[in-house]
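Student: Would you mind keeping the following structure in view while I ask a few things?
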Amino acid sequence: MSEILKVSGLVKRYKELIALDNVNLSVKEGEIFGLLGPNGSGKSTTINCVLSLLEFDKGEITIFGKNMAPKAYDIKKEIGVVPQEVAVYDTLTVYENIDFFCGLYIKDKKERAKCVQDAIDFVALNDFVKFRPKKLSGGLKRRLNIACGIAHKPKLIFFDEPTVAVDPQSRNKILEGIEQLRKSGATIVYTSHYMEEVEQLCDRILIIDKGHVIAEGTIDELKGMIKKSEIITIETAGLDEDVMGRINDLSNVFYSEYKNGVLKVEAGAGKHNVIDIVNILQDSGYSMKKIFSEQPTLNDVFLELTGKELRDD
Amino acid sequence: MFKYQLLKNIRNAGFLFWSLIFPLALMTAMYLSFGGVYNMMNSIDPIKAVVVTEDEGEFATGFQELVRSMADKDADEYYFDLSGNMNLEQAEESIKSGENKVLFVVKDNDIEIYLSNDHTSSAAIVSKAVADSYKNKYEIIREALSRDPKAAMAILEEASDIREYTQPNKGVFSGDPNMYSWYFYSSLVMGIFFNANGGTAIVSELKADVSCEAMRLSASPAKKGKLIVSSFLAYLVIAVVINMIQLVVMRNVFNISLGNDILKLILFVVAANIFSISFGIICGIIFRGTRDNRANKTTAVIMLSVFLSGEMINTLPGNFERICPIVNDINPATIMNMAFYRMALYNADLDFYTNMAKIAAVSLIFIIISAIILRREKYASL
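Heads up: the sequence lines are chains A and B, in that order.
All the letters of the first sequence, read from the start, carry residue numbers 6 to 318 under the working numbering.
All the letters of the second sequence, read from the start, carry residue numbers 4 to 385 under the working numbering.
Below is the structure:
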């Protein structure tokens, strides 16, 4: 897969504040690349620098192998942007908005009409084409926002937190749509502070915090970076300290606690963690009601790498 | 792109309110308050008059010829509706019956004036002014009459104050300007000047730190210059259409004179709108803050300018003329207001070209400054 976007040594300062500190990233053709970080971490700043909306102090940005600049119109033609806020005109209808923004890229009327219709079909706004945005629900507005960004069929699409303040049904539709766009050949850069979305959608993820890149890789690679690889929860009654001691003595276990009849164990990488713990409990004559084994989440990754929770809402 | 820019503006309720509805509402309020009085004051009919000469001397024939020239119905302005030849007895009878309002009897190098019982004050004043001026300037008027009766009439008008009773003064701020018309033109200018908000909106819609739509525009391959020109033209077209509607209402509903040269008036409307929109662009660049912040600041500047031009207190420009004339000279609303007023009421060609040149020069300066600043802003200043 060829490299579609490359950012090297990106530095952005606002007077004394360093918003981006030596950010490096690389996006390959056909992948969904996630930019994950809490609010104010530098995700949108990175995107704005990449799109040449924001001047940066240091670094290099290449898209499709060419240097990105404010007047790089040939590169901009192939890019689609779905901003964080709904960026449409309230005085134009759904169709007119999509046609207007598509018209910035495609001059041919016939070709444009087809692209606009495809975009309307894609976001399922066919019943609302004559509506003004004010009359649309939050979810429908978000879908319109997406349609305006993708109608010209760009090769590289930036989604900047497209699901903020969206109901679960619309969120799923949006995520399905993004997956579909990838299938149709687009490369996608997706920023979010919702780890579940990123985990569900992205092939590779870059975690950013306070302008610093914390980690980059596939989900497995990121999870492999932390000690904790399995969280085991068992409901059992009256566990004594002896048994707890035996569980703690297991080589993979690095943390355990027993509260209100629930045993929680965090263990490192190992194939038999659950069996080993269950064996100890059975040997000691304890009966078990429910047993869960969970993989660590990106929040666990973020927590371990930065010492704080990723989610702030 | 242009089509959608037009649609955006046509459907922009705020823009339509301030540029179209608000000025029309003010005009309507003015008309309902003072329209009746104004129309009565301006309906000065030619004075029904008769001249009887009791000698055949040059003084008498000269006066007869002068009054005849002032009763020429083919002329732009005529003061008298002159009855045919009558002897003194018939003339006196016509005054008694009210058929004629003024009787001039010329005898022994003197003029006696007789008025009907139902004469108007303006008939009395104008008749007396004509007779007195003729007597005082007889030598000059007689000499002018031998060349051209109109020249003689001009001398008489100059020597007397009869124009004050028949039409507004030429000087806007001196004497007794026609404040009724001034108010209507002031409201029109306010509408034109409110179009400056369109200029400010153009800047806001292009700055990604001000509006999120601008982020899309800045990230697109559309060139900034093209976007500005298309938005500018869209605002200009709608602004001119709005002003045309206002002019039609002014003339047909409120009976305000638009002068004889409508083409020049339209040209000036276009020029004034170019000025206003470019002024709004400069405001949009200078002022900082959110989209609403910028629009509010531009509106405040417009309001101040319109206020100083006499929209609320119509004596203000006159006071400035006496105390600090530069305020009138640099206030865009006063310049535009004065231009419309003089063009419509006096058809002054020189004024038209001077004001057009003034407005065009300032617009050009604004446009050049805006282009330089906006071109230098390569990034979207997020």
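Every residue gets a Cβ at the ideal spot worked out from N, C-alpha and C, and that includes glycine.
Predicted, not measured: the structure shown is a model, and the values here were computed from it.
#1: Taking all protein chains shown into account, decide if Y321 of chain A is buried (16 or more other Cβ within 10 angstroms of its Cβ) or exposed.
#2: Taking all protein chains shown into account, decide if L268 of chain A is buried (16 or more other Cβ within 10 angstroms of its Cβ) or exposed.
#3: Can we count Q67 of chain B as close to the ligand ATP, meaning its CB is less than 8 Å from some heavy atom?
#4: Leaving out five residues on either side along the sequence, give the residues of the same chain with a beta carbon under 6 Å from the beta carbon of F163 of chain A.
#5: Using 9 Å as the limit for Cβ to Cβ distance, is Y344 of chain B near chain A?
#6: Counting pairs of Cβ atoms below 8 Å between the segment 105-118 of chain A and the segment 152-159 of chain A, do you hit three or more?
#7: Is the Cβ of R219 of chain B closer than 9 Å to any Cβ of chain A?
#8: Cα separation between K173 of chain B and L261 of chain B?
#9: Looking at the C-beta of Y238 of chain B, does it have a partner C-beta in chain A at a distance below 9 Å?
#10: Using the Cβ count rule (16 or more neighbours within 10 Å means buried), how would you classify M315 of chain B?
#11: Let me check understanding here. Comparing Cα to Cα, which of A:P301, A:G42 and A:K294 lies closest to G266 of chain A?
#12: L161 of chain A and I68 of chain A - do their beta-carbons sit closer together than 9 Å?
#13: Ordered along the chain, which non-local residues of its own chain (more than five positions away) have a Cβ less than 7 Å from that of I80 of chain A?
#14: Under 6 Å Cβ to Cβ from A272 of chain A, same chain only, skipping five residues before and after it: list those, please.
#15: Please list, in chain order, all residues of the same chain as K300 of chain B whose beta carbon is under 6 Å from its beta carbon, the five residues on each side excluded.
#16: Just checking: is the beta-carbon of C153 of chain A within a distance shorter than 9 Å of some beta-carbon in chain B?
#17: Look at the Cβ atom of V248 of chain A, then the Cβ atom of S292 of chain A, and state whether they are nearer than 9 Å.
#18: Unbroken beta strand (DSSP E) runs of length 3 or more, entirely within the segment 221-271 of chain A: which are they?
#19: Determine contact between the segment 37-50 of chain A and the segment 198-210 of chain A, defined as no fewer than three beta-carbon pairs at a distance below 8 Å.
#20: Between the segment 97-108 of chain A and chain B, which residues of the former have a C-beta closer than 8 Å to a C-beta of the latter?
#21: Go to G4 of chain A, then tell me how far its beta strand (DSSP E) extends in each direction, as first and last residue.
#22: Would you list the one or two residues that DSSP bridges to V218 of chain A?
#23: What residues in its chain sit with their C-beta under 6 Å from that of S7 of chain A, if we drop five residues either side in the sequence?
#24: Going by the DSSP bridge assignment, what does M218 of chain B pair with across the sheet?
#25: At which residue ranges does the segment 274-304 of chain A contain complete beta strand (DSSP E) runs of 3 or more residues, listed in the order of the chain?
#26: Check the Cβ of Y291 of chain A against every Cβ in chain B and list those closer than 7 Å, keeping chain order.
#27: Flag this pair as yes or no: are the beta carbons of D62 of chain A and V16 of chain A separated by less than 9 Å?
#28: Using a C-beta cutoff of 9 Å, does S7 of chain A count as contacting chain C?
#29: Kindly indicate which three-state DSSP category K226 of chain B falls into: helix, strand or coil?
#30: Verify the CB distance criterion: does Y94 of chain A have a CB-CB separation below 9 Å to chain B?
#31: 9 Å is my cut-off, CB to CB: does N44 of chain A come that close to chain B?
#32: Which class does K33 of chain A belong to by DSSP, given the choice of helix, strand or coil?
#33: Is G87 of chain B buried or exposed, if buried means 16 or more other CB atoms sit within 10 Å of its CB?
#34: What is the rounded straight-line gap between the Cα of R187 of chain A and the Cα of Q205 of chain A?
#35: Can we say the segment 306-323 of chain B touches the segment 240-248 of chain B, given the rule of at least three CB pairs closer than 8 Å?
#36: Report all residues from its chain with a CB closer than 6 Å to the CB of M94 of chain B; omit the five preceding and five following residues, and keep chain order.
Tutor: Per the coordinate set shown:
#1: There is simply no residue 321 of chain A to check, as chain A begins at 6 and stops at 318 in what is shown.
#2: Here residue 268 of chain A corresponds to residue number 263 of the first sequence, with the count starting at 1. Answer is buried; the Cβ neighbour count reaches 16.
#3: Ligands displayed in this structure: none; no statement on the ligand ATP is therefore possible.
#4: Here residue 163 of chain A corresponds to residue number 158 of the first sequence, with the count starting at 1. Answer for F163 of chain A: I52, V86 and V194, listed in chain order.
#5: Your numbering for residue 344 of chain B matches position 341 in the second sequence. No, its Cβ sits nowhere closer than 9 Å to a Cβ of chain A.
#6: yes
#7: As a working note, residue 219 of chain B is residue 216 in the second sequence. Cβ-Cβ to chain A under 9 Å: yes for R219 of chain B.
#8: Within the second sequence, numbered from 1, the residue matching residue 173 of chain B stands at position 170. Within the second sequence, numbered from 1, the residue matching residue 261 of chain B stands at position 258. Low local confidence applies: a pLDDT of 39 at K173 of chain B is under 50, so the model's placement there is unreliable, with the coordinate-based value given in what follows. Going from the Cα of K173 of chain B to the Cα of L261 of chain B covers about 15 Å.
#9: Looking up residue 238 of chain B in the second sequence gives position 235. Y238 of chain B does not count as touching chain A.
#10: Locating residue 315 of chain B in the second sequence gives position 312, where the first residue counts as 1. By the neighbour-count rule (16 or more Cβ atoms within 10 Å), M315 of chain B is not buried but exposed.
#11: Here the question's residue 266 of chain A lines up with position 261 in the first sequence. If we check each option's Cα against that of G266 of chain A, A:K294 comes out closest.
#12: The residue given as residue 68 of chain A occupies position 63 in the first sequence. The residue given as residue 161 of chain A occupies position 156 in the first sequence. Yes, they are a contact pair.
#13: Against the first sequence, residue 80 of chain A aligns to sequence position 75. The answer, listed in chain order, is I68, F69, K71 and M73.
#14: Counting from 1 along the first sequence, the entry for residue 272 of chain A is found at position 267. Excluding residues within five positions, the ones whose Cβ falls inside 6 Å are E235, N257, V258 and N278.
#15: To locate residue 300 of chain B, count along the second sequence from 1; it is residue 297. F290.
#16: Walking along the first sequence from the start, residue 153 of chain A turns up at place 148. Cβ-Cβ to chain B under 9 Å: yes for C153 of chain A.
#17: The residue labelled residue 248 of chain A in the question sits at position 243 within the first sequence. The residue labelled residue 292 of chain A in the question sits at position 287 within the first sequence. No, the Cβ-Cβ distance between V248 of chain A and S292 of chain A is not below 9 Å.
#18: 235-241 and 258-264
#19: yes
#20: L97, E101, D104, F105, F106 and G108
#21: Summary: the structure shown does not reach residue 4 of chain A, with chain A confined to residues 6 through 318, and so no result is reported for it.
#22: Here residue 218 of chain A refers to the residue found at position 213 of the first sequence. Looking at the DSSP assignment, V218 of chain A forms a beta bridge with A:I213.
#23: Within the first sequence, the letter at position 2 stands for residue 7 of chain A. For S7 of chain A, where only same-chain residues beyond five positions count, the Cβ hits under 6 Å are E34.
#24: Within the second sequence, numbered from 1, the residue matching residue 218 of chain B stands at position 215. Per DSSP, none; premise fails for M218 of chain B.
#25: 293-299
#26: Position 286 of the first sequence holds residue 291 of chain A. Those do not exist, as Y291 of chain A stays about 58 Å from chain B at its closest Cβ, beyond 7 Å.
#27: Indexing the first sequence from 1 puts residue 62 of chain A at position 57. Indexing the first sequence from 1 puts residue 16 of chain A at position 11. It is a contact, given that the beta carbons lie within the stated cut-off.
#28: Absent from the structure: chain C. Protein chains present are A and B.
#29: In the second sequence, the residue the question calls residue 226 of chain B occupies position 223. K226 of chain B: coil per DSSP, three-state reduction.
#30: Here the question's residue 94 of chain A lines up with position 89 in the first sequence. At least one chain B Cβ lies under 9 Å of Y94 of chain A.
#31: Here the question's residue 44 of chain A lines up with position 39 in the first sequence. No, N44 of chain A does not count as interfacial toward chain B.
#32: The count along the first sequence starts at 1 and reaches residue 33 of chain A at position 28. It is a strand residue.
#33: In the second sequence, counting from the first residue as 1, residue 87 of chain B sits at position 84. The residue in question, G87 of chain B, is exposed, as its Cβ has fewer than 16 Cβ neighbours within 10 Å.
#34: To locate residue 187 of chain A, count along the first sequence from 1; it is residue 182. To locate residue 205 of chain A, count along the first sequence from 1; it is residue 200. Using only the alpha carbons, I get a separation of about 14 Å.
#35: no
#36: By one-based count along the second sequence, residue 94 of chain B stands at place 91. According to the sequence provided, residue 94 of chain B is Ala. The question's Met does not apply to it. If we look at A94 of chain B and ignore the five residues flanking it on each side, its Cβ neighbours are V53, V55 and L106.
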